[in-house]
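Protein chains in written order, with my numbering: chain R, 1 to 321; chain C, 1001 to 1290; chain L, 2001 to 2328. Note that the Cβ used here is the ideal one computed from N, Cα and C, for glycine as well. Below you'll find the structure, written out as structure tokens, and then a few comments.
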Amino acid sequence: MGFKAGNRSDHLAWRLGGWLAQLAFSILILVLIVFVLTQVAPGDAARLRLGPRASQEEVDVLRKQLGLDQNILVQFGSYVGRLARADLGTSINGEPVSEVIRQRIDKTWWLLVGTSVFSLALSFPLAWLSAYYRDRAIDHVIRFAVLVALFMPVFWIGFLLIRFLALPTGWFPVAGLGSSPMELLRSLVLPCLTGAIAMAPILVRSLRSSLIEVISADYVTVARSLGIRGSALLFRHILRNALGPTIALFSLNVGYLFFGIVILETTFAIHGLGSQLVTASIKKDVNVVQAITIIFAAGVVLANSCGDLVVRWLDPRQGSR
Amino acid sequence: MMQTMRSNLHALFTLRERGSGKIAVGYAIIGLFVFTAMAAPWITTGEPARQDLLNRLAFPSFAHPLGTDQLGRDVWTRLVYAIQLDFRIGILGMLLPAILGSLIGVASALSPHWLDAAISRLADIIISLPLFVFFLALAGLLGPGSDWGPFGPGELPILLGFTLLGWVVYARLLRTEMHRILAMEYIRAAITGGLPLHRVIIGHVMPNAVGQTLVYMCVDIGLAILSLATLSFLGAGVPLDRPELGGMISASRTVISSNWWLVAAPGAVLALMGTGLALIGDGLDDRLKP
Amino acid sequence: MMAAQTPLLVMDGLSLGLGSGNRAMIVPSLNLTVNAGECLGLVGESGSGKSLSLRAILGLLPNSIHRSAGRILLRGPTGLAEHDPASLRGNGISMVFQEPMSSLNPSMRIGDLVAAGLRAKGMARGKARTKAISLLREVGFPAPEKRLDDWPHQLSGGLRQRVMIAMALSVEPALLLCDEPTTALDVTTQEQILLLLERLKKDRGLGILFVTHDLSVISRIADRTAVMYAGRLVEEGPTAELLAAPRHPYTLALLSCLPQAGTGQRRLQAIDGTPPAAGEHGGGCIFAPRCTFAAHQCLTAEPVLADIAPAHRTACYRHVLLREGLSR
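Dropping the structure here:
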């Protein structure tokens, strides 16, 4: 067994290296694209910072300070250099970008965790019903509902929930996140439910087909032929084998989830990274936009990698070679 | 092989085969919207921007079937013009990436191996990145701009974004099909025997690729409309004064407790439009399945 | 050796149809008897309904297929009694499946797999584990006590099939259903598994219902053989007799499809035509359209299974012709 364990970690080291390379490459591409964008974006960065009333001389001085008078390649080089030193620069308001992010990242994190939990809690039972009763009425109803939900704007779902659930009952706050743990949980319900409804179309479809695959697997028939039923059949023979595909599917869709979070933060007036990205991009606050896009991209690559790792860990076939 | 293409196109317009139910319902829904959009001058006031400040937030009435908004504009009129605008952007936002992607797919398959591999890798990365987040940053940074030829303010950056990010799916479809056909023994023999490449593409690749592409195109229009609405809601799409479904929802959010239908109606229209398109795509898919 | 046999399983008029309603019958009405301690081979082309009939015994049919009529009787302490298929699972009857690759739950260890049936019956964990070791030893699994924690994917096809058999034996069945258990294996492994099943039959007095499309496997293991075509039983008799002197043209055709080992020449021959699809049968003998012996009578009225020798039955009007033709 010893040599097998050794093989496994070797294998892992390779994969880890692969992920890091992928992350680095993705970020490099991203930085490049964002940088090019800031070059073609209308308006002068120095002018934007100083406002329309500043004199041309002041703008010129700032341009020199920011290095905007140098050629594009030099600018890109120094920009990448600063990023490598984890210097994210300052926002239009002169605040360090790292500070802007530090203040907001926890809200986005809670939203991310909450929406993930709600999404699985909503999508998995739906997919299960749909798979278990496949081609029967309930399956058709779920599949149609999910098709319609694919084209429902996230913010629209949010507003309707606010209007018809939160306002009449008064159970949930409609804006912001609470600070005490209880308040936080209560304020997370509405945005996370909204996010879960928006994620459902993407998750239910694929989850349904992987559940069908497991339900109709030969080993499930074998287990049934031995008289195994009920929870033993469900947990040990079916759900245990559906866990891997579910996690894989979820981690693949984290990119979509991140965008959902941007909309959720705007809809429910939560001051996290997503809503900051929206305001910053409209204000052409380039440094902030760059930093947040990179964080999101890194988050997606990280989530993909973690998902991959967990799936491998769960599947005994992947362990040894 | 031309036969396949014709039968694929045929499949789109006939109603007597597998999946016809879905396609018929889809056509009915989309037909209704197309009719509404085209008949706009006759079934509405024709002036989506006209304000009536004395008659703000009116309840639905005969003169204003959906009431009026905060500026006293007729919401029914705005909704119809929004359908017009969203539909137009949706179709363009599907068509441009489809054309670019198909071209890239064909070119990639014909390129030397390293270039082909590089294009695939780029496509993988674009797929794996948080696309929409990125798109938002792009649309926001570029700003709405102003009118440009036939495009109203805000439309051009969005179409540019759709095209830059949306080509991937189409490129993959075409590339796979190209590789499949080019690997066939008799096609290779025919090319060696002097069959021009464009004949291979038109006669052998297109017929099979068209079907799958059409299926995706239907869904893609819906997704493009949804993205447009979302961007407008976030303030990075078309300016809020233009009638657009997402923008209308965004503008009415503050009056949702009293005039909830101002929010509900545009979203419902969007969901219905997308469903109609997806039903057509689904039915078509059923039909193309062997 | 044929004398005084006690029926263990009786399948009485089993009907299987596609979907609900009786429009497309896959198996119109099947009667089969497996005696205690005997191996009955059920042979036929793929699509003949043999595997479905086997699965119907335990109620493990696919969603699209329904049992519309028929009884399943199993001998218990009080004699033959009708049972609900689901109640027989792991309770008097168990089953060995075709694909050793996909039949073992990939996320369970060998020991847990073999113990799963016992645990479902409420046996304690430690006891089930000990039992699993002795079961694995019984099916010839090498050094089972050391390999209880192996995963299925670490085993060869033959070892997996042994695990599968150990799982089936764990519930102490009186009847073992085998659904082509050797088809996916190479010839050497196939031989080992057949030897194992033969030994188990003798040691445990196990009744076996063995489904296969392979007559050479049948000749190795089955005491009696039943031949199935398009959902119907066309011939049934002692294996040696049936293979030496088939009395149904379909059995003869199956035999001539076999490569002949002794003669040095391979006269592989396919049967012309294809079996009818379910529900696509007008009247007359179901095999008539493909039969080289078919006469006018065969096209008008369907022959029924009839005794032609002790314990040998065939559903053919022309069986005498067959006997004469072969003796020439």
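Contact of R/V278 with chain C is assigned, a C-beta pair being separated by under 8 Å. With a beta-carbon spacing of about 13 Å, L/I2218 and L/L2197 fall beyond the 8 Å limit used to define contacts. The residue from C/S1252, C/E1177, C/A1024, C/S1061 with its alpha-carbon nearest to that of C/T1213 is C/E1177. L/A2081 sits in a strand when the DSSP states are folded into three classes. By the Cβ-count criterion, C/F1132 is buried, with 16 or more other Cβ atoms from all chains shown falling within 10 Å of its own Cβ.
Judged by pairs of C-beta atoms under 8 Å, the region 1236–1245 of chain C touches the region 1076–1087 of chain C, as three or more such pairs exist.
Going by DSSP, C/H1113 is part of the alpha helix (DSSP H) stretching over 1113–1128.
Put simply, the backbone Cα of C/A1209 is about 36 Å away from that of L/M2101. For L/C2178, the three-state secondary structure derived from DSSP is strand. R/F159 has its alpha-carbon roughly 7 Å from the corresponding atom of C/R1253.
L/T2033 and L/G2076 have their C-alpha atoms some 15 Å from each other. The region 2025–2044 of chain L makes contact with the region 2005–2017 of chain L: 3 or more CB pairs, one atom from each, lie closer than 8 Å. At a cut-off of 8 Å between beta-carbon atoms, R/G255 makes contact with chain C. Close CB contacts of C/G1026 within its chain, under the 6 Å cut and outside five residues either way in sequence, are with G1276, L1279, I1280 (chain order). Beta bridge pairing from DSSP links L/G2017 with L/M2025, L/H2066.
Going by beta carbons, R/L207 and R/F124 fall inside the 8 Å limit. Closest in alpha carbon position to C/L1100, among C/V1169, C/S1020, C/G1283, is C/V1169. At a cut-off of 8 Å between beta carbons, L/N2035 makes no contact with chain R.
Listed along chain R, no residue sits closer than 9 Å to C/A1082 by beta-carbon distance, the nearest being about 13 Å off. Restricting attention to C/T1230, C/P1243, C/P1266, C/Q1070, the CA atom closest to the CA of C/L1054 is found in C/Q1070. Rounded to the nearest angstrom, the gap between the Cα atoms of C/M1248 and R/P316 is 52 Å. The three-state secondary structure of L/A2309, taken from DSSP, is strand. Going by beta carbons, L/T2225 and L/T2183 fall outside the 8 Å limit. Secondary structure at R/A84: helix, using DSSP grouped into helix, strand and coil. The Cβ atoms of C/P1097 and C/W1148 do not sit closer than 8 Å to each other.
By the neighbour-count criterion, in which a residue is buried when 16 or more other Cβ atoms sit within 10 angstroms of its Cβ, C/V1269 is buried. Chain R has no Cβ within less than 8 Å of the Cβ of L/G2049. Rounded to the nearest angstrom, the gap between the Cα atoms of R/A149 and R/W110 is 24 Å. Of the candidates C/G1090, C/R1175, C/R1073, C/D1282, C/R1175 places its Cα closest to the Cα of C/L1115. For L/L2104, the nearest beta carbon of chain R is closer than 8 Å to its own beta carbon. Boundaries of the beta strand (DSSP E) around L/A2226: 2224–2229. Contact between R/L190 and R/A166 holds, since their C-beta atoms are separated by about 6 Å, short of 8 Å. C/A1037 is positioned such that its CB atom lies no closer than 8 Å to that of R/F151.
Look at the region 223–273 of chain R and you find these whole runs of alpha helix (DSSP H), each 4 residues long or longer: 240–252, 254–267. A contact is defined here as three or more CB-CB pairs under 8 Å, and the region 2076–2094 of chain L meets this definition with respect to the region 2156–2174 of chain L. C-alpha of R/I33 to C-alpha of C/L1103: approximately 22 Å in a straight line.
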